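**Student:**
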Amino acid sequence: MNTETEQQLLHDARNGKSEEVQQLLENMKKGEIIFNINCKGRSKSNFSWTPLHLACYFGHTSVVKDLLEAGADVNVLNDMGDTPLHRASFTGRKEVVMLLLECDADIFIVNGNGQTAKEVTHDKEIREMLEAVERTQERKLKELLLQAAREGETGKVAALLNRSNPPDINCTDQMGNTPLHCAAYRAHKHCALKLLKCGADTNVKNKNGQTPLALAQGVEMKQVLGGGIAKMTNKILKRYEGLLWKSSRFFGWKPYWVVLEHGVLSWYQKQADAGNTNHRQGCKHLTQAICTVKNADGCLFSIKCFDNTIHSFKVPKASQETRENWIHAIQDHSAYSTHYCTQEQQSDEEEEIDATCIAELQDSLKIAHSCHQRLDKEISSFQSMITPSDNPQGLPTLFLKRAEEISKTARETCEALSNCIKLFTRQEGVRLLKLEHEQEKNKILSEALETLATEHHELEQSLVKGSPPVSILSEEQFYDAISDSESEKSFTGFETVTSFSLEDSENSSDTITANMSEEKANKNQETLSNGIKKHRTSLPSPMFSRNDFSIWSILRKCIGMELSKITMPVIFNEPLSFLQRLTEYMEHTYLIHKASLLSDPIERMKCVAAFAVSAVASQWERTGKPFNPLLGETYELVRDDLGFRLISEQVSHHPPISAFYAEGLNNDFIFHGSIYPKLKFWGKSVEAEPKGIITLKLLEHNEAYTWTNPTCCVHNIIVGKLWIEQYGNMEITNHKTGEKCMLNFKPCGLFGKELHKVEGYIQDKSKKKLCALYGKWTECLYSVDLTTFEAYKKNDKKNTEEKKNKTGNSDEPDEMPLPECESMYVIPGSVLLWKIAPRPSNSTQMYNFTTFAMMLNELDQEMESVIPKTDCRLRPDVRAMENGEIDVASEEKKRLEEKQRAARKNRSKSEEDWNIRWFHQGPNPHTGGHDWIYSGNYWDRNYFNLPDIY
Numbered sequence: 011m012n013t014e015t016e017q018q019l020l021h022d023a024r025n026g027k028s029e030e031v032q033q034l035l036e037n038m039k040k041g042e043i044i045f046n047i048n049c050k051g052r053s054k055s056n057f058s059w060t061p062l063h064l065a066c067y068f069g070h071t072s073v074v075k076d077l078l079e080a081g082a083d084v085n086v087l088n089d090m091g092d093t094p095l096h097r098a099s100f101t102g103r104k105e106v107v108m109l110l111l112e113c114d115a116d117i118f119i120v121n122g123n124g125q126t127a128k129e130v131t132h133d134k135e136i137r138e139m140l141e142a143v144e145r146t147q148e149r150k151l152k153e154l155l156l157q158a159a160r161e162g163e164t165g166k167v168a169a170l171l172n173r174s175n176p177p178d179i180n181c182t183d184q185m186g187n188t189p190l191h192c193a194a195y196r197a198h199k200h201c202a203l204k205l206l207k208c209g210a211d212t213n214v215k216n217k218n219g220q221t222p223l224a225l226a227q228g229v230e231m232k233q234v235l236g237g238g239i240a241k242m243t244n245k246i247l248k249r250y251e252g253l254l255w256k257s258s259r260f261f262g263w264k265p266y267w268v269v270l271e272h273g274v275l276s277w278y279q280k281q282a283d284a285g286n287t288n289h290r291q292g293c294k295h296l297t298q299a300i301c302t303v304k305n306a307d308g309c310l311f312s313i314k315c316f317d318n319t320i321h322s323f324k325v326p327k328a329s330q331e332t333r334e335n336w337i338h339a340i341q342d343h344s345a346y347s348t349h350y351c352t353q354e355q356q357s358d359e360e361e362e363i364d365a366t367c368i369a370e371l372q373d374s375l376k377i378a379h380s381c382h383q384r385l386d387k388e389i390s391s392f393q394s395m396i397t398p399s400d401n402p403q404g405l406p407t408l409f410l411k412r413a414e415e416i417s418k419t420a421r422e423t424c425e426a427l428s429n430c431i432k433l434f435t436r437q438e439g440v441r442l443l444k445l446e447h448e449q450e451k452n453k454i455l456s457e458a459l460e461t462l463a464t465e466h467h468e469l470e471q472s473l474v475k476g477s478p479p480v481s482i483l484s485e486e487q488f489y490d491a492i493s494d495s496e497s498e499k500s501f502t503g504f505e506t507v508t509s510f511s512l513e514d515s516e517n518s519s520d521t522i523t524a525n526m527s528e529e530k531a532n533k534n535q536e537t538l539s540n541g542i543k544k545h546r547t548s549l550p551s552p553m554f555s556r557n558d559f560s561i562w563s564i565l566r567k568c569i570g571m572e573l574s575k576i577t578m579p580v581i582f583n584e585p586l587s588f589l590q591r592l593t594e595y596m597e598h599t600y601l602i603h604k605a606s607l608l609s610d611p612i613e614r615m616k617c618v619a620a621f622a623v624s625a626v627a628s629q630w631e632r633t634g635k636p637f638n639p640l641l642g643e644t645y646e647l648v649r650d651d652l653g654f655r656l657i658s659e660q661v662s663h664h665p666p667i668s669a670f671y672a673e674g675l676n677n678d679f680i681f682h683g684s685i686y687p688k689l690k691f692w693g694k695s696v697e698a699e700p701k702g703i704i705t706l707k708l709l710e711h712n713e714a715y716t717w718t719n720p721t722c723c724v725h726n727i728i729v730g731k732l733w734i735e736q737y738g739n740m741e742i743t744n745h746k747t748g749e750k751c752m753l754n755f756k757p758c759g760l761f762g763k764e765l766h767k768v769e770g771y772i773q774d775k776s777k778k779k780l781c782a783l784y785g786k787w788t789e790c791l792y793s794v795d796l797t798t799f800e801a802y803k804k805n806d807k808k809n810t811e812e813k814k815n816k817t818g819n820s821d822e823p824d825e826m827p828l829p830e831c832e833s834m835y836v837i838p839g840s841v842l843l844w845k846i847a848p849r850p851s852n853s854t855q856m857y858n859f860t861t862f863a864m865m866l867n868e869l870d871q872e873m874e875s876v877i878p879k880t881d882c883r884l885r886p887d888v889r890a891m892e893n894g895e896i897d898v899a900s901e902e903k904k905r906l907e908e909k910q911r912a913a914r915k916n917r918s919k920s921e922e923d924w925n926i927r928w929f930h931q932g933p934n935p936h937t938g939g940h941d942w943i944y945s946g947n948y949w950d951r952n953y954f955n956l957p958d959i960y
């Protein structure tokens, strides 16, 4: 650096020598001389001031302009904390102030005296100018904060709030919505958490009188704003205890020592018993408890608990202050208990945070123990150094006295630290003992549950054996009964099919028969005469036997965990991702095409109902679990022979949400929805409730139909053979005409009479029943006129009794592991809407796949060249399992899960948000409910910036 040149620049800037300053800056630009343009003076007259400070202070506008253009720092500080704007404002240099503001000078910087530029000026015009800029910048920052909250940009929100002059966290837009409102109604959970941690007010109301909680979308967001993070996260509840009188029905008022701890109210006969729960006279969990008082009595209050029981208490002395303290304590513990008893299972991120905290605590204890030993040695060494015998040179007495005091304080600190370490170590031992006790108790309870389930299963078998068998028609008789019924009607195109050819719809049955013939099963890459590709009808390798494995052996170790987070061995999987499993909805797409061709809305509703029922038919006997999709995973399927193309994406990991969008190749329909499988473990069975809205649009008729799927249940988790049933109600709504189809998927019952049965009605918008539907979701669906169906239902019970009497003396089967049911009886006058095709002969060895499911994971070179790298077909664990490489599949599955977990951790640390590529959140246009909407552009094949998930 050239010190002389810097001193010259400071001198010229102070005196306004514009030409000399320009010459110096020009020489610096050419590289002829080198100096720091932000150099600071060292003399008394310019100490710590830069050339820009000096030029601004003395009002040399041209010099200021030259320095700024040459790269001088507009917000550079001197030793007093003043910026050039401070100096120009102080001396009233209006032109210089305007020039600095044009170069983005920060008006919010506070100097060493705690003043901004506005506060140091004596010029009214400059003050007004700075105030106007301040309002503009504040408004701009508020708009940026509101926009970041709307878009869920957590990192940007954090950056704005961490500024030296952060925007008002409770600022509002034109509707009166704060950033927390914006994050709430857009369901940006992480953004809302950041705002809450920075002090956002949850009680602010917008112009419609709505708080953020009132606008919250989704259960998680409501929990966050309703009391979870907002109230209880960092709250430490204190134990509260004292003497109270308690009322009882028989003994009246009696004194008890009452203790409030961890959301539980307990009472004891005396204070000495409060340390032993065995001496507790009673207790109540305060979940959702409500505390009430009577103004007439200053010492009485009552608690209404979640089970509607009421407990009355009195404080010993008529003190409203004491009563208020008890009421506040009870309310705090009630809020605490309500939050932790009603919240859902914590996510993987929270579990990892907890695990990290425990690990950090253990590491901290080790470090503290090491530091304690070192400090103890240092104190001893220091004490020996300051003793008179080791002080021949005679250190000052004052120094020795002060050193002794420091040594004494250090010794006391060391002893306190030692006690703290002992306490933590003792606590760790106690917790380990408690953990071992709980693990042993868990083991005993799980074994008891298994024993009870086995006994219950044996009891069911004995009951079934003791009951008269029902008459079962042979398969030939069943199909003869259908075809020989003189009064039965059938739509053209409703025959047994698995695909629908757009180019030859009249001969669709013949095409399907050709597709399923075993003679062509091995010619997977051939094409049909009409140019449509022939798909494979077999997997590369048959499934492994699961007879030596038990699902219960896995689930018993995971009691208390959310089922969607349990890692199951790969042997229980089938070689498909859940996104591919979802695609099986489209197996009977010909029903949608048929509906588009019909002019009668009631007939269209029948077709749509048949399609909705057929969508779950593939689940019959499919007890294998599909692979959980990774976040960002996609799947596409184009079927020219069926006339549709589909794209799906895993849009959320916790909770797991899969979104899909399908459209007809002839622009006759759009089919979309999102599925969130909510799992419940009921001891002997696992229940999957597929939450989410399914929407079908028939574009030719401008009609939209919506429904939700029934609940799926897998039985005999602990003992017996696994089997599946669907039950619950399905309501299909035509939003244009108001017509509805109400279908009831019946549970099987004890003897299996209702197994797989579906019954329901189509009704108009005035709820008048128009016709009846019935069948089995595993086989078929029929429609029949209302009068005939009601007459059949009326006589059904009588006919069943007669059938039992006739077959009561027939031979009983030795064992019935699954509930058996009657073959489908076809009511005279019925119309066949849909009938399932027989599964291929190799289905049992191929995970009970249908012909449609067989081709879902096929991959050829042409397909591999066009699909994105996130497509399920490229997933190594699914591909390995399909090829029969179980060990490879297991290792790959573990690797992918760890990779996804690591990526989530990295995003959490960097506060980076996951970008969903092909879908976005929004209201369903027909129901108004929360849904995932297709964003478009997938089929443009511009797959850039895709995540590396495999």
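Numbering of the sequence shown is given in the numbering used here, commencing with residue 11 and proceeding in unit increments. Beta carbons are placed, not taken as given, at the ideal position from N, Cα and C, and that holds for glycine. Please read these numbers as outputs of a predicted model, since none were measured by experiment.
1) So, helix, strand or coil for P933, using DSSP?
2) Just curious, the beta strand (DSSP E) that D941 is in, first and last residue?
3) Please work out which residues of its chain come closer than 7 Å, Cβ to Cβ, to D950, disregarding the five sequence neighbours upstream and downstream, and give them in chain order.
4) Could you give the distance in angstroms between the alpha-carbon of E908 and the alpha-carbon of G738?
5) Short check: CB of F582 to CB of D887, under 9 Å?
6) Got a sec? Which residues, its chain only, sit under 7 Å from L869 by beta carbon, not counting five neighbours each side?
7) Pull up the distance between the alpha-carbon of Q279 and that of C293, whole angstroms please.
8) Which residue marks the beginning of the alpha helix (DSSP H) containing Q32, and which one marks its end?
9) So, with DSSP's three-state summary, where would you put A115?
10) Going by beta-carbon coordinates alone, are W787 and W630 separated by less than 9 Å?
11) Compute the Euclidean distance between the alpha carbons of H321 and S329, then round it to the nearest angstrom.
12) May I ask you to report which of helix, strand or coil DSSP gives K150?
13) Pull up the distance between the alpha-carbon of R917 and that of E251, whole angstroms please.
14) In terms of alpha-carbon separation, which member of L689, T593, N744 lies closest to E673?
15) Does the Cβ-Cβ distance between M864 and T547 come in under 9 Å?
16) Where does V120 fall in DSSP's three states?
17) Thinking C-alpha only, which one of C781, F316, K128 is nearest V143?
18) Can you check DSSP and say which residues form a bridge with S658?
19) Cα-Cα, which of S257, F621, P665 is closest to P639?
20) Should T423 go down as buried or exposed, given a rule of 16 or more other Cβ atoms within 10 Å for buried?
21) Does any residue of chain C have a CB that is nearer than 9 Å to the CB of R196?
22) Please report the Cβ distance between P720 and V618, rounded to the nearest whole angstrom; I am assuming they are in contact, meaning their Cβ atoms lie under 8 Å.
23) Can you list, in chain order, the residues of its chain whose CB lies under 7 Å from that of D881, leaving out five sequence neighbours each side?
24) Roughly how many angstroms lie between the CA atoms of N934 and T182, to the nearest whole one?
25) Which stretch, first to last residue, makes up the beta strand (DSSP E) that contains M752?
26) Assign G124 to buried or exposed, taking buried as 16 or more other Cβ atoms, counted over all protein chains shown, within 10 Å of its Cβ.
27) Give the DSSP bridge partners of S312, in chain order.
28) Is the number of C-beta pairs between the stretch 890 to 902 and the stretch 653 to 671 that are closer than 8 Å three or more?
29) In whole angstroms, what is the alpha-carbon distance linking R97 and G122?
30) I'd like the list of long-range same chain contacts for H343, defined as Cβ closer than 7 Å, with 5 residues on each side in sequence excluded.
31) My assumption, with CB atoms under 8 Å, is that T131 sits in contact with R137. Please give the rounded CB distance.
32) Check whether the stretch 44 to 61 touches the stretch 75 to 87, counting contact only when three or more Cβ pairs, one atom from each stretch, lie closer than 8 Å.
33) Spatial neighbours of A169 within its chain, please: CB distance less than 6 Å, with the 5 preceding and 5 following residues excluded, ordered by chain position.
34) Using the Cβ count rule (16 or more neighbours within 10 Å means buried), how would you classify F929?
35) Drop a sphere of 10 angstroms on the beta-carbon of W277, count the other beta-carbons inside from all chains shown, and report buried for 16 or more, exposed for fewer.
36) Would you list the one or two residues that DSSP bridges to K635?
**Tutor:** Let's see:
1) Here P933 sits in strand by DSSP.
2) Where D941 is concerned, the enclosing beta strand (DSSP E) stretches over 940 to 944.
3) Hits under 7 Å: none found.
4) CA-CA distance, E908 to G738, rounds to 37 Å.
5) No. Outside cutoff.
6) Correct list, in chain order: R883.
7) Put simply, the backbone Cα of Q279 is about 12 Å away from that of C293.
8) Start and end: 28 to 40.
9) In the three-state scheme derived from DSSP, where H, G and I count as helix and E and B as strand, A115 is classed as coil.
10) For W787 and W630, yes; Cβs fall inside 9 Å.
11) Pairing H321 with S329, the inter-Cα distance amounts to about 19 Å.
12) Reduced to three states, the DSSP call for K150 is helix.
13) R917 and E251 have their C-alpha atoms spaced approximately 45 Å apart.
14) Nearest of L689, T593, N744 to E673, Cα basis: T593.
15) M864 places its beta carbon less than 9 Å from that of T547.
16) Look at V120 here: in three-state DSSP terms it is coil, with no helix or strand label.
17) The candidate whose alpha carbon is nearest that of V143 is K128.
18) Under the DSSP definition of a beta bridge, S658 partners with Y645, F670.
19) For P639, the closest of S257, F621, P665 by C-alpha to C-alpha distance is P665.
20) By the neighbour-count rule (16 or more Cβ atoms within 10 Å), T423 is not buried but exposed.
21) The chain inventory of the structure shown lacks chain C, comprising one protein chain alone.
22) Actually they do not touch by this definition, with Cβ atoms about 16 Å apart.
23) Closer than 7 Å at the Cβ level, and outside the excluded window around D881, lie T644, Y645, E646.
24) Straight-line Cα distance between these residues: approximately 27 Å.
25) Unbroken beta strand (DSSP E) run through M752: 750 to 755.
26) Exposed, because fewer than 16 other Cβ atoms sit within 10 Å of the Cβ of G124.
27) Looking at the DSSP assignment, S312 forms a beta bridge with T302, S322.
28) Taking a cut-off of 8 Å for Cβ pairs, the stretch 890 to 902 and the stretch 653 to 671 do not touch, as fewer than three such pairs fall below it.
29) A straight-line Cα-Cα distance of about 13 Å links R97 and G122.
30) Excluding residues within five positions, the ones whose Cβ falls inside 7 Å are L247, L270, G273, L296.
31) Yes, T131 and R137 are in contact; Cβ-Cβ is about 5 Å, under 8 Å.
32) The answer is yes - the stretch 75 to 87 touches the stretch 44 to 61, with three or more Cβ pairs under 8 Å.
33) Counting only Cβ-Cβ distances below 6 Å, and skipping sequence neighbours, we find nothing.
34) Sixteen is the threshold: when 16 or more other Cβ atoms of the shown chains lie within 10 Å of the Cβ of F929, as they do, the residue is buried.
35) Burial call: buried.
36) Bridge partners of K635: N583.
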